[in-house]
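Asker: Taken in order, the sequence shown gives residues 1 to 396; the numbers are from the UniProt record's numbering. Backbone N, C-alpha and C fix where the C-beta goes; we use that ideal spot for every residue, glycine too. Dumping the structure here so I can ask a few things about it.
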Amino acid sequence: MFEQVSKAPADPILGLTEAFNAEPRAEKVNLGVGVFKNEDGITPILNTVKKAEQRLLHDEATKSYLAISGFADYGYQVQRLLFGEGHNIITSQLAQTAQTPGGTGALRVAGEFMASKLGVNNIWVSNPTWANHGSVFTAAKLEVKSYRYYDKATQGLDFEGMLQDLKQVPKGDAVLLHGCCHNPTGIDPTAEQWQAIAQVAAENGFVVLFDFAYQGFAKGVVEDAEGLRILADKIPEILIASSFSKNFGLYNERVGAFTLVAKTAEVAADAFSQVKTVIRANYSNPPAHGAKVAAVILADDELRAEWLEELKAMRVHIRNLRELFVKALAEQGVKQDFSFIEQQNGMFSFTGLSKEQVATLKQDYAIYMVDSGRINVAGLSSKNMAYVCKAIAAVL
Ligand code: LMR
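This is how it looks when you write it as structure tokens:
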């Protein structure tokens, strides 16, 4: 029977890592998957994570199941990060949070909740968006449609196009917004633009789902929540999928959260009871370790402050790489203006390289990047910078 099943194509992002690992050339460079790397090409474990793990090793008394929605203090800490301490949403208990296996788990829970409990049929995602969004939402039985986002001509945001498209989205459909560090373009709306988006969301009444996977990678944890907080001020209902893979470096621990904000505490609690049925039928209840690590750090003033410094160091490292990259391309004789790379946020840049150029970089230079021309800037380092820029100059 199994011979009826045809081979699936490799995953556009994680499949690249598999191909990269099998690549024998020593000069190989992986600019594919979005993981932070230091100057030595290593994705380090944060000091605060090690400290929290030591504490857990000592204090943890049971491995019994967590609640369906996970560890309660983790949910509170997630809300504190999203809205800020003492925000009305938290104090009035308008939000309920479930700990999920990664941001992807949160998106899947969100998708299934919207499709099966809210009767949502369509979700609108930016063009382009993270390569996995389509698969996650299709699996949740939503139809995926797209709104304009990236302007090829300016290599910036097509804000007029975006707004026009969002204005056409009817009540009852859902819209996915990237909280910050848009994946794959690195281009985020300004505060003024967020206000305009919030206005359209309020007028049309569509369901808003935030994908918030890079909080702290653009400007800071508070600054990066600006868009979310602007929308939360204007519309009474909102859904958020958080990921702590990048900002805690907890990639393989799968640490995420799904947060639902409603008009009243009672509505939030009732709706959340249905979120729990979605989770129970899916993975039953979440794994404990990674979320406990994050909660320990966030609940302890000293560890939290140290974590914010570690996060800042990652953010500054990537900002520096962006500047070095633009400079190094010019040094290799590239005439094209790549200064837009310095304006983008987070790990990713949309280089504007074509699929063919991406293929040549892989074939001739063992440089791996996503077909769309997206690069993980954190995959660059002072060691491979000249090599990568020379290769890009050659394919251009
Ligand atoms: C990425 O976009 O590279 C990351 O979000 C990792 C992933 O799962 O694709």
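(1) Excluding sequence positions up to five away, which residues of its chain have a Cβ less than 6 Å from the Cβ of L177?
(2) Helix, strand or coil, according to DSSP, for K37 in the structure here?
(3) So which of G105, E192, I197, Q79 has the shortest CA-CA distance to V278?
(4) Any heavy atom of the ligand LMR closer than 7 Å to the Cβ of V144?
(5) Between the alpha carbons of E160 and L239, how many angstroms are there, rounded?
(6) Taking the Cβ atom as the reference point for each residue, do G379 and N38 lie within a distance shorter than 8 Å?
(7) Which one of V334, T17, F325 has the shortest CA to CA distance from A366?
(8) For G34, is the beta carbon positioned less than 7 Å from some heavy atom of the ligand ADP?
(9) Across the region 214-222 and the region 169-188, are there enough close Cβ pairs to call them in contact, namely three or more that are closer than 8 Å?
(10) Comparing the CB of P13 with every heavy atom of the ligand LMR, is any distance shorter than 7 Å?
(11) If I'm right that V175 touches V144 with Cβ under 8 Å, what's the distance once you round it to whole angstroms?
(12) With which residues is T100 paired in a DSSP beta bridge?
(13) Considering only the alpha carbon of each residue, which of L46, A8, A153, T185 lies closest to A313?
(14) For the structure I just gave you, are there three or more beta carbon pairs, one from the region 251-261 and one from the region 53-67, closer than 8 Å?
(15) Could you tell me the alpha carbon to alpha carbon distance between residue 397 and L56, rounded to whole angstroms?
(16) Rounded to whole angstroms, what's the CA-CA distance from D173 to A288? Just pull it up for me.
(17) Nearest-angstrom Cα distance between M162 and F2?
(18) Is K362 buried or exposed, if buried means 16 or more other CB atoms sit within 10 Å of its CB?
(19) Give me the Cα-Cα distance between E42 and D301, rounded to the nearest whole angstrom.
(20) Just to confirm the assignment, what range does the alpha helix (DSSP H) spanning A268 have?
(21) Tell me, please, whether the region 85-104 touches the region 307-324 by the rule of three or more beta-carbon pairs shorter than 8 Å.
(22) For E183, is the beta carbon positioned less than 7 Å from some heavy atom of the ligand LMR?
(23) Between the C-alpha atoms of residue 453 and A359, what's the straight-line distance to the nearest angstrom?
(24) To the nearest angstrom, how far is it from the Cα of H87 to the Cα of L81?
(25) For a test of the three-state rule: what should DSSP assign to H87, helix, strand or coil?
(26) Measure the beta-carbon distance from V221 to V49 and round it to whole angstroms, keeping in mind my assumption that it falls under 8 Å.
(27) Could you work out which residue in A391, V395, L396 is closest to K28 when comparing CA atoms only?
(28) Let me check one thing: in DSSP terms, what residues is E143 bridge-paired to?
(29) With distance defined between alpha-carbon atoms, name the residue in Q155, F244, V109 nearest to D188.
(30) Ignore the nearest five residues each way along the sequence and tell me which others in V125's own chain have a CB closer than 7 Å to its CB.
(31) Mind checking whether the beta-carbon of N132 lies closer than 7 Å to any heavy atom of the ligand LMR?
(32) Taking the CB atoms as reference points, tell me whether V261 and E223 lie closer together than 8 Å.
(33) Who are F350's beta bridge partners in DSSP?
(34) How about P12 and A131: are their beta carbons less than 8 Å apart?
(35) Tell me the start and end of each unbroken alpha helix (DSSP H) in the region 209-238 that is at least 4 residues and wholly inside, in chain order.
(36) Select from S6, K355, V296 the residue whose C-alpha is nearest the C-alpha of D73.
Answerer: Taking the geometry as given:
(1) For L177, where only same-chain residues beyond five positions count, the Cβ hits under 6 Å are F210.
(2) Secondary structure of K37 (DSSP, three-state): coil.
(3) Nearest C-alpha to V278: G105.
(4) Not under cutoff, so the answer is no.
(5) In this structure, the CA atom of E160 is about 25 Å from the CA atom of L239.
(6) With contacts defined by Cβ atoms closer than 8 Å, G379 and N38 do not form a contacting pair.
(7) Considering only V334, T17, F325, the residue with the shortest C-alpha distance to A366 is T17.
(8) Although the ligand ADP was asked about, the structure shown includes only the ligand LMR as ligands.
(9) Cβ pair count under 8 Å is three or more, so yes.
(10) It should be noted that the sequence gives Ile, not Pro, for residue 13. Answer for I13: yes, Cβ within range of the ligand LMR.
(11) Contact doesn't hold; Cβ gap of about 12 Å is too wide.
(12) Residue pairing for T100: DSSP places it in a beta bridge opposite G256.
(13) The shortest Cα separation from A313 among L46, A8, A153, T185 belongs to L46.
(14) The region 251-261 is not in contact with the region 53-67.
(15) Because the chain spans 1 through 396 in this model, residue 397 falls outside it and cannot be assessed.
(16) For D173 and A288, the gap between their C-alpha atoms comes out near 33 Å.
(17) The straight-line gap from Cα to Cα measures roughly 44 Å.
(18) Burial is judged here by how many other beta carbons sit within 10 angstroms of a residue's own beta carbon; K362 has at least 16 and is buried.
(19) Note that residue 42 is Ile in the sequence shown here, rather than Glu. Each residue's alpha carbon lies about 28 Å from the other.
(20) 265-280 is the extent of the alpha helix (DSSP H) around A268.
(21) No, the region 85-104 does not touch the region 307-324.
(22) It is worth fixing the name first, because residue 183 is Asn in this sequence and not Glu. The answer is yes for N183.
(23) Look at the range of the chain in this structure, 1 to 396, and you will see that residue 453 is not part of it.
(24) When rounded, the distance between both Cα atoms is 11 Å.
(25) In the three-state reduction of the DSSP assignment, H87 falls in the coil class, being assigned neither a helical nor a strand state.
(26) Going by Cβ atoms, the distance from V221 to V49 rounds to 16 Å, so no, they are not a contact pair.
(27) Minimum Cα distance to K28 is reached at A391.
(28) DSSP, once it has assigned bridges, lists N122 as partnering E143.
(29) Minimum Cα-Cα distance from D188 among the listed residues Q155, F244, V109 corresponds to Q155.
(30) Answer for V125: H133, V144, S146, L176, listed in chain order.
(31) Yes, Cβ of N132 sits closer than 7 Å to a heavy atom of the ligand LMR.
(32) Using a Cβ distance threshold of 8 Å, V261 and E223 do not count as a contacting pair.
(33) F350 is bridged to R374.
(34) The answer is yes: Cβ separation under 8 Å.
(35) The region 209-238 contains these whole alpha helix (DSSP H) runs: 226-234.
(36) Answer by Cα proximity: V296.
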